[in-house]
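Enquirer:
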Ligand code: FES
Ligand code: MG
């Protein structure tokens, strides 16, 4: 047991000295009804809670935080709740991705500026996981992550519905005139019927799983459905554990290594992850420093080795996260894929990943497939490069129709989202299923914030002909619950003059996933002529957060973090003067 030396606690610098400043801190904490017995000798634990009245995925955090506090008190800590921006995927426009780095900054600065010794991070809805983890890594205090957990399966008239995925599918059926208004309203009421995150293998489930894989959660935490009684029990246990982590000085720096992030990639692949995993995991790893940083090529390399084992929609066609939990959840999956993991990586438990998952069982081999009967042998994600995306673009081969893995077709180019949205409803649009639809100016700067526009709708004309998939290319992201032959994150983006800006409708583009290439069939001379004529679009922001965002956002292949938040940007930030 680590010696419990109160004076060594960071918070004691605020509360302990016999001077006027500390008098102020003590009298102000007593103003809230606390007595010295509440804090003297106890680690102060910040609970960074991303609850809000407009975040249906975090509804339960208002109560759940009480379970966390109970655990902290039981273990001899002093809990303080510090709310942070909530980033509800469903409501925040133009995209939560515009604000992921803002949450990361808020988390870092909340922890740095307050008298706290450790942190519990409460998130789950897509960007909240990377935002909280990025901020906590940079702040450097011992931190544990509590995933919100997935909601229950959707249900409508006995039909199981999955977040996002089924909405897109059924919307196409409705556009094709096959679903009535009444049925559609029934789907609306049945597809999200409890609190918790999207329960497909979308970005939320992917990122919560990655947080567990890199060691930031208690074992099994990411798979527990939000309404399950095990969720408050896990929350209280996380509260108890963080207090000991403070005494053990188990900081992110001491815990996370390159191996942790490689485990994150491997698990993402086996889960059949959201494409958003790439941009977030890259950003998280870069926060931990150059030694930990992973990049696109690491994803591609793992994708070639690691089979997709989780038979969860949208890569799978049947099961949802609730089924994944009953089948053994992430500990079961990680135990099964142990040969692809670095089992000596450290975790918040103080034990290695291997120790955490030893003996974890699987109860349904159809939900979590065996290594010799995977959902896909390889190919959760692939990184394509070529003259149109020299810094890379990504595709999820496991979620697209096989004929598009090798395809040449004419481009149909849209410069912005509204014109594309209007055009696809035009019955006279000059488009065939062979076309490659291109949406540009939707990247980190152009979107702004890389909105999830990358699953361009199939033109109405083709939907009526029965077409349900075609190749699409953009510098945007797509929702983790999306599917289809969508090539995303093309870098550098069109808005800053990336080659995507030079494509014209009718140009041929060749995609070859096996060769990891994407090529615009236009000569270098012609491209040079087009480049000379290219004009930068007008600036999106002249003031405010957006202005700062535009000045400092990096491209997708670097994780779309702000340059000034990277560890290499300047000298480390010290402790505040008190
Ligand atoms: Fe919150 Fe999908 S909307 S996780
Ligand atoms: Mg999403």
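Residue numbers (my numbering): 427 to 1004. Don't be surprised by glycine CBs; every beta carbon is placed ideally from N, CA and C.
Residues with a Cβ closer than 5 Å to any heavy atom of the ligand FES, in chain order?
Expert: Output, sorted by chain position: 483, 515, 516, 551, 623, 624 and 630.
Enquirer: Output the distance between the C-alpha atoms of residue 954 and residue 856, rounded to the nearest integer angstrom.
Expert: Cα to Cα, residue 954 sits roughly 28 Å from residue 856.
Enquirer: So within the region 530-611, which uninterrupted beta strand (DSSP E) runs reach at least 3 residues, ignoring any that extend past its ends?
Expert: Counting whole runs of 3 or more residues, the region 530-611 contains the beta strand (DSSP E) stretches 544-549, 569-573, 580-582 and 585-587.
Enquirer: For residue 713, report the span of its alpha helix (DSSP H) as first-last.
Expert: First-last of the alpha helix (DSSP H) with residue 713: 702-713.
Enquirer: Between which residues of its own chain and residue 943 is the CB-CB distance below 8 Å, once the five residues before and five after are set aside?
Expert: If we look at residue 943 and ignore the five residues flanking it on each side, its Cβ neighbours are 810, 811, 812, 936 and 937.
Enquirer: For residue 658, count neighbouring C-beta atoms within 10 Å of its own C-beta (all shown protein chains included) and say buried if the count is 16 or more, exposed if not.
Expert: The residue is buried, with at least 16 neighbouring Cβ atoms inside 10 Å.
Enquirer: Counting only runs that start and end within the region 758-828, where is the beta strand (DSSP E) found for 3 or more residues in a row?
Expert: The region 758-828 contains these whole beta strand (DSSP E) runs: 808-812 and 815-821.
Enquirer: Any chance the region 709-717 sits against the region 676-688, with 3 or more Cβ pairs inside 8 Å?
Expert: Touching, yes, given that three or more Cβ pairs across the two stretches are closer than 8 Å.
Enquirer: Can you tell me the Cβ-Cβ gap for residue 448 and residue 484, rounded? I've got them flagged as a contact below 8 Å.
Expert: In fact, because the Cβ distance is near 35 Å, the residues do not count as touching under 8 Å.
Enquirer: List the whole-angstrom C-beta distance separating residue 545 from residue 474, where the pair is believed to meet the contact cut-off of C-beta under 8 Å.
Expert: That pair is a contact at about 6 Å.
Enquirer: So, for residue 992: in the same chain, excluding its five sequence neighbours on each side, which residues have a beta-carbon less than 7 Å away from its beta-carbon?
Expert: Excluding residues within five positions, the ones whose Cβ falls inside 7 Å are 712.
Enquirer: Enumerate in chain order the residues of its own chain whose CB-to-CB distance from residue 589 is below 6 Å, with the five nearest sequence positions on each side excluded.
Expert: Contacts found: 624, 625, 626 and 907.
Enquirer: Looking only at its own chain, which residues have a Cβ that is under 8 Å from the Cβ of residue 764, when we skip the five neighbours before and after it?
Expert: Taken in chain order, the residues that qualify are 780 and 783.
Enquirer: On the CB-based measure, 16 or more other CB atoms within 10 Å of its CB, does residue 640 come out buried or exposed?
Expert: Its Cβ being crowded by 16 or more others within 10 Å, residue 640 is buried.
Enquirer: Quick check on residue 525: does DSSP put it in helix, strand or coil?
Expert: Coil at residue 525, not helix or strand.
Enquirer: Between the region 570-585 and the region 609-619, can you find at least three pairs of beta-carbon atoms closer than 8 Å?
Expert: Yes, since at least three Cβ pairs between the region 609-619 and the region 570-585 fall closer than 8 Å, the two stretches touch.
Enquirer: Secondary structure at residue 635, three-state DSSP: helix, strand or coil?
Expert: Residue state, collapsed to three classes: helix.
Enquirer: Hey, out of 861, 572, 917 and 885, whose CA is closest to residue 668's CA?
Expert: Comparing Cα-Cα distances from residue 668 to each of 861, 572, 917 and 885, the minimum goes to 572.
Enquirer: Who are the near neighbours of residue 735 in its chain, counting only those whose CB is closer than 7 Å to its CB and skipping five residues on each side?
Expert: Contacts found: 696, 759, 762, 763, 794, 795, 800 and 801.
Enquirer: With a Cβ-Cβ cutoff of 7 Å, do residue 904 and residue 881 count as a contact?
Expert: Yes; because the gap between Cβ atoms is below 7 Å, this pair is in contact.
Enquirer: I believe residue 729 touches residue 804 by the beta-carbon criterion, under 8 Å. Please report the beta-carbon distance rounded to the nearest angstrom.
Expert: Confirmed, about 6 Å.
Enquirer: Using the C-alpha atoms, what's the distance from residue 872 back to residue 470?
Expert: Rounded to the nearest angstrom, the two C-alpha atoms are 42 Å apart.
Enquirer: Give the straight-line distance between the Cα atoms of residue 441 and residue 452, rounded to the nearest whole angstrom.
Expert: Taking the straight line from one Cα to the other gives about 6 Å.
Enquirer: Given residue 841, which residues of its chain have a CB within under 7 Å of its CB, disregarding the five upstream and five downstream residues?
Expert: Hits under 7 Å: 866 and 867.
Enquirer: Based on Cα-Cα distance, which residue from 737, 950, 521 and 562 lies nearest to residue 533?
Expert: Comparing Cα positions, the closest option is 562.
Enquirer: Sort 499, 507, 496 and 514 by Cα distance to residue 478 and report the nearest one.
Expert: Of the listed residues, the one whose Cα sits closest to residue 478 is 514.
Enquirer: DSSP puts residue 905 in a beta bridge; with which residues?
Expert: DSSP lists no partner for residue 905.
Enquirer: Nearest CA to the CA of residue 635: which residue from 670, 689 and 593?
Expert: Of 670, 689 and 593, the residue nearest in Cα terms is 689.
Enquirer: Where are the beta strand (DSSP E) runs, 3 residues long or more, that stay fully inside the region 436-498, in chain order?
Expert: Here the runs fully enclosed are 470-475.
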